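Chains as they are written, first to last, in my numbering: chain Z, 0 to 224; chain P, 641 to 871; chain C, 87 to 326. Idealized CB from N, CA, C, for every residue including glycine. No experiment lies behind these values; they were computed from the predicted model shown. Note sheet for the following structure.
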């Protein structure tokens with residue numbers, strides 16, 4: 000199981016590095032909060048009371064999306080800047096291990112930010128978000144987003160346009176994640192059971208499985224000259 | 641040999657032009673009128689001949705880009721990269737055509753410039769993916785890396801289209817559309833015009849591809865000559 | 087003395103083009119087991135490209151590279167275990183300490199007793215005292231010393247060094263020389279690229295000059311002095 004150990008080594012390294020500086024992490028969190036605040040300004044004038052609950056799922060996922068993009072950018076840009084990607088490429092492990100390592104660490108960072116966002120969100124929007132089904136949706140959505148985002152981030156980090164290009168490439172492709180996550184979240188907030196929103200989280204699951212599979216086949220071409 | 645190919649290309653270009661003119665006639669004049677109540681509605685319905693044909697080419701072009709990408713990754717041959725690139729450029733234009741023709745239809749038919757129905761939405765998403773493809777290419781200088789990245793993005797994007805379509809379709813059925821979907825039964829004469837347009841646009845696409853690939857090959861030749869002189 | 091075994095590194099008809107620019111135009115080179123090859127050449131000759139291809143960081147456009155008889159493209163990941171690289175990039179994580187950096191690489195290379203090995207290399211490069219300070223606070227010389235530690239950590243049989251003396255202070259350069267001497271004395275196969283003819287000739291068994299993507303000259307170290315080497319170099323790199 001050398002492969003798995005090396006994947007986890009990459010995750011460990013990312014966590015240690017981030018704990019030391021905490022800069023990306025705090026940026027993600029502050030940014031997510033800011034998005035919520037802006038949403039409040041944007042919709043507050045016309046949306047009050049019950050209608051806030053209609054907007055809440057969308058606002059939540061937009062906040063997660065933007066924070067996620069920050070996290071994804073960081074995943075590879077830092078490696079690129081110090082030329083560290085080559086150190087990973089030199090290692091005697093299949094390059095897909097880099098993909099999985101990066102994807103897992105991105106998912107972990109996003110989940111922590113999302114977990115911290117939930118109480119903030121509950122406070123700002125007055126909507127109760129502490130629901131097990133919702134947690135599952137958030138996990139599935141984050142996995143899907145990071146799954147395809149890591150492939151794209153590995154590419155865009157090596158281009159001229161860098162951070163700007165990632166959202167342009169990612170958002171259309173990850174639209175199903177957004178659609179399914181928002182729909183499922185709305186359903187659950189409206190009191191539906193997991194069975195009733197099965198359609199949506201099944202779509203998420205399919206997405207979660209599909210793109211790592213694609214990454215497995217194509218990642219080598221992205222990182223190796 | 642080259643003479644023959646040039647002649648063939650000219651022939652194809654001429655054929656495309658003729659077919660487009662014929663298709664225009666059929667669509668705007670030749671085909672029988674639709675069984676709709678309003679006059680503008682009847683007239684606007686004619687756009688269906690071009691609208692769907694354009695969408696068909698948009699999708700075909702996307703598929704060709706996908707195939708070109710996969711083939712490039714396997715063979716590392718520049719020719720496949722050129723095919724993928726050319727198809728993406730042409731596809732972008734056709735996709736834009738879908739959106740514009742959809743808009744032109746929507747206004748007289750439903751009174752609004754845009755509706756978030758499933759087909760238009762997926763076309764919009766596909767258009768944005770194409771644009772992303774071109775922007776990705778524009779920001780990578782090394783030709784080999786550019787080809788590799790485009791190929792991978794082409795694959796990722798192509799695979800996301802069916803999922804996108806499913807998601808958008810499911811999304812739409814949750815909010816039933818105020819406006820009914822179009823089309824329905826087409827009469828035999830209409831069918832002829834319809835399929836003729838489909839064929840026309842496909843031929844047109846192939847011609848454009850040929851021209852574009854030829855152009856890119858010339859560019860490569862020039863770059864190579866330049867490099868030889870510098871060495 | 088000729089034992090019939092595959093050379094450590096065998097490069098055949100290697101070509102590499104970046105777009106329309108040819109970096110390598112057909113390189114044929116052999117480095118025997120335990121041999122120390124010094125590779126010279128002007129800027130743009132293709133030295134770095136060659137090193138990167140042998141290190142499996144870059145894919146060649148044509149030709150083959152064999153490491154101990156196994157082709158690089160096909161054997162893939164396992165061969166990398168035997169290769170160490172020191173290049174322009176330190177390949178170190180600035181936010182981590184030397185200790186953490188080396189522990190990470192120890193895991194990536196599946197080392198058996200990482201703690202002991204890390205202690206050993208840190209001592210060898212003289213960084214034991216600073217092992218818990220973040221790398222981003224290091225000077226260039228210290229950075230290079232840690233780079234060397236990283237490269238020798240997994241005890242590679244083949245060592246590739248791409249202009250390692252660049253930007254080193256005296257202390258670090260001395261330490262590098264000591265490491266190179268040890269590599270030369272042991273049975274490691276080494277390729278060292280450098281601008282500095284004197285430094286390169288010091289320890290090598292064979293020398294070669296790369297010019298405009300091809301091997302323009304190669305020969306044994308024995309009987310070669312600095313003057314002759316300089317002449318060879320000038321002859322070969324004279325503008326056509």
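Buried versus exposed, by CB contacts within 10 Å (16 or more), residue i
{"i": "residue 797 of chain P", "result": "buried"}
{"i": "residue 25 of chain Z", "result": "exposed"}
{"i": "residue 129 of chain C", "result": "exposed"}
{"i": "residue 645 of chain P", "result": "exposed"}
{"i": "residue 236 of chain C", "result": "buried"}
{"i": "residue 100 of chain C", "result": "buried"}
{"i": "residue 230 of chain C", "result": "buried"}
{"i": "residue 164 of chain C", "result": "exposed"}
{"i": "residue 650 of chain P", "result": "exposed"}
{"i": "residue 639 of chain P", "result": "The structure shown does not extend to residue 639 of chain P, since chain P is modelled only from 641 to 871, so the question has no answer here."}
{"i": "residue 223 of chain C", "result": "exposed"}
Best match in the options for proximity to residue i [C-alpha to C-alpha]
{"i": "residue 780 of chain P", "options": "Z:199, Z:129, Z:123, Z:156", "result": "Z:156"}
{"i": "residue 145 of chain Z", "options": "Z:172, Z:1, Z:12, Z:57", "result": "Z:172"}
{"i": "residue 159 of chain Z", "options": "P:782, P:720, P:808, P:735", "result": "P:782"}
{"i": "residue 657 of chain P", "options": "P:844, P:810, P:724, P:764", "result": "P:844"}
{"i": "residue 114 of chain Z", "options": "Z:73, Z:60, Z:177", "result": "Z:60"}
{"i": "residue 113 of chain C", "options": "C:312, C:303, C:315, C:206", "result": "C:303"}
{"i": "residue 788 of chain P", "options": "P:712, P:860, P:769, P:731", "result": "P:712"}
{"i": "residue 124 of chain C", "options": "C:212, C:191, C:301", "result": "C:301"}
{"i": "residue 784 of chain P", "options": "Z:224, Z:89, Z:97", "result": "Z:224"}
{"i": "residue 92 of chain Z", "options": "Z:0, Z:58, Z:17, Z:214", "result": "Z:0"}
{"i": "residue 28 of chain Z", "options": "Z:166, Z:150, Z:118, Z:212", "result": "Z:118"}
{"i": "residue 323 of chain C", "options": "C:299, C:311, C:307", "result": "C:299"}
{"i": "residue 5 of chain Z", "options": "Z:89, Z:147, Z:167", "result": "Z:89"}
{"i": "residue 196 of chain Z", "options": "Z:181, Z:38, Z:208", "result": "Z:181"}
{"i": "residue 696 of chain P", "options": "P:661, P:759, P:655", "result": "P:759"}
{"i": "residue 107 of chain Z", "options": "Z:18, Z:162, Z:79", "result": "Z:18"}
{"i": "residue 164 of chain Z", "options": "Z:72, Z:9, Z:21, Z:57", "result": "Z:72"}
Residues of its chain near residue i, where Cβ-Cβ distance is below 8 angstroms and the 5 sequence neighbours each way are ignored
{"i": "residue 116 of chain C", "result": "93, 95, 96, 97"}
{"i": "residue 126 of chain Z", "result": "51, 52, 55, 120, 188"}
{"i": "residue 135 of chain Z", "result": "193, 200"}
{"i": "residue 87 of chain C", "result": "Its pLDDT being 49, under 50, residue 87 of chain C is placed unreliably in this model, and the coordinates cannot settle the point."}
{"i": "residue 195 of chain C", "result": "167, 239, 240"}
{"i": "residue 3 of chain Z", "result": "none"}
Enclosing alpha helix (DSSP H) for residue i [first to last residue]
{"i": "residue 103 of chain C", "result": "Taken as a continuous stretch (DSSP letters only), residue 103 of chain C belongs to no alpha helix (DSSP H), being part of the beta strand (DSSP E) at 95 to 104."}
{"i": "residue 215 of chain C", "result": "First-last for residue 215 of chain C: undefined, no H or E at that position."}
{"i": "residue 148 of chain Z", "result": "131 to 155"}
{"i": "residue 138 of chain C", "result": "133 to 140"}
{"i": "residue 690 of chain P", "result": "687 to 715"}
{"i": "residue 315 of chain C", "result": "312 to 323"}
{"i": "residue 860 of chain P", "result": "828 to 870"}
{"i": "residue 1 of chain Z", "result": "1 to 20"}
{"i": "residue 121 of chain Z", "result": "95 to 124"}
{"i": "residue 259 of chain C", "result": "256 to 271"}
Element boundaries [beta strand (DSSP E), containing residue i]
{"i": "residue 300 of chain C", "result": "300 to 306"}
{"i": "residue 327 of chain C", "result": "Nothing can be reported for residue 327 of chain C, as the shown portion of chain C is limited to 87 through 326."}
{"i": "residue 782 of chain P", "result": "Taken as a continuous stretch (DSSP letters only), residue 782 of chain P belongs to no beta strand (DSSP E), as it is neither H nor E."}
{"i": "residue 149 of chain C", "result": "148 to 153"}
{"i": "residue 294 of chain C", "result": "292 to 297"}
Beta-carbon contacts of residue i that lie in its chain and below 6 angstroms, excluding the five residues immediately before and after
{"i": "residue 693 of chain P", "result": "837, 838, 841"}
{"i": "residue 265 of chain C", "result": "234"}
{"i": "residue 179 of chain Z", "result": "199, 202, 203"}
{"i": "residue 276 of chain C", "result": "122, 245, 269"}
{"i": "residue 155 of chain C", "result": "92"}
{"i": "residue 822 of chain P", "result": "Caution is warranted here: a pLDDT of 49 is assigned to residue 822 of chain P, below 50, making its placement in the model unreliable, and the coordinate value is therefore given only provisionally. The answer is none, since no qualifying residue turns up."}
{"i": "residue 158 of chain C", "result": "142, 151"}
{"i": "residue 820 of chain P", "result": "Any answer about residue 820 of chain P is weak, because its pLDDT of 44 lies below 50 and its placement is not dependable; what the coordinates show is given next. Cβ within range, chain order: n/a, list empty."}
Check: residue i C-beta below 7 angstroms from any heavy atom of the ligand MG
{"i": "residue 238 of chain C", "result": "This structure lacks the ligand MG, and indeed carries no ligand of any kind."}
Cutoff 7 angstroms; reference residue i; Cβ partners in own chain excluding five residues on either side
{"i": "residue 127 of chain C", "result": "133, 295, 296, 297"}
Quick one, which residues of the stretch 779 to 797 of chain P are near chain C if we go by CB-CB under 8 angstroms, in chain order? Of all residues in the stretch 779 to 797 of chain P, only 782, 783, 784 place a beta-carbon less than 8 angstroms from a beta-carbon of chain C.
If the cut-off is 9 angstroms on Cβ atoms, which residues from the stretch 150 to 169 of chain C count as contacting chain Z, listed in chain order? Those residues of the stretch 150 to 169 of chain C that come within reach of chain Z (Cβ to Cβ, closer than 9 angstroms) are 162, 163, 164, 165, 166, 167, 168, 169.
Taking Cβ-Cβ distances below 9 angstroms as the criterion, which residues of the stretch 93 to 115 of chain C are in contact with chain P? Only 103, 104, 105, 106, 107, 108 from the stretch 93 to 115 of chain C bring a Cβ to less than 9 angstroms from some Cβ of chain P.
Contact residues within the stretch 703 to 719 of chain P, judged by C-beta distance below 7 angstroms to chain Z: 713
Contact set between the stretch 129 to 147 of chain C and chain Z, restricted to residues whose Cβ is under 7 angstroms from the partner: 141, 143, 144, 145
Taking Cβ-Cβ distances below 7 angstroms as the criterion, which residues of the stretch 845 to 870 of chain P are in contact with chain C? Taking 7 angstroms as the Cβ-Cβ cut-off against chain C, the residues of the stretch 845 to 870 of chain P that qualify are 863, 864, 867.
When you check each C-beta in the stretch 73 to 104 of chain Z against every C-beta of chain C, which residues fall closer than 7 angstroms? 81, 82, 83, 85, 86, 88, 89, 90, 91, 92, 93
Mind checking the stretch 154 to 168 of chain Z against chain C and listing, in chain order, the residues whose C-beta falls within less than 8 angstroms of any C-beta there? Nothing from the stretch 154 to 168 of chain Z brings a Cβ to less than 8 angstroms from some Cβ of chain C.
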